[in-house]
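Reading through the structure tokens given below for one structure.
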Amino acid sequence: MEGTNTGTVTQVIGAVVDVEFSSGALPNINNAIEIPVAESDPLVLEVQR
Numbered sequence: 000m001e002g003t004n005t006g007t008v009t010q011v012i013g014a015v016v017d018v019e020f021s022s023g024a025l026p027n028i029n030n031a032i033e034i035p036v037a038e039s040d041p042l043v044l045e046v047q048r
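Yeah, the sequence shown ends on 48 if you go by numbering that gives the first Met the number 0, and it's all consecutive.
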């Protein structure tokens, strides 16, 4: 892992999850995003355009 970048989930519609990151801190396309889930394994998402 290159580093940790923290974002905020702003909207979920079906399988689409919108995540907001700081300016200039966007992950690259096809990178993985891990979302912690209470009492479970993290949810792993793939960055798409």
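In this text, a Cβ means the ideal position worked out from N, Cα and C, and glycines have one as well.
DSSP state of residue i mapped onto helix, strand, coil
i          : result
residue 44 : strand
residue 24 : coil
residue 7  : strand
Beta-carbon proximity list for residue i, same chain, < 6 Å, skipping 5 on both sides
i          : result
residue 20 : 6
residue 33 : 41 and 43
residue 35 : 41
residue 24 : 4
Bounding residues of the beta strand (DSSP E) (the contiguous stretch that carries residue i)
i          : result
residue 19 : 15-19
residue 33 : 31-34
Proximity winner among the options, relative to residue i (alpha-carbon distances)
i         : options       : result
residue 9 : 42, 36 and 18 : 18
Close beta carbons around residue i, own chain, < 7 Å, minus the five adjacent residues each side
i          : result
residue 16 : 8 and 44
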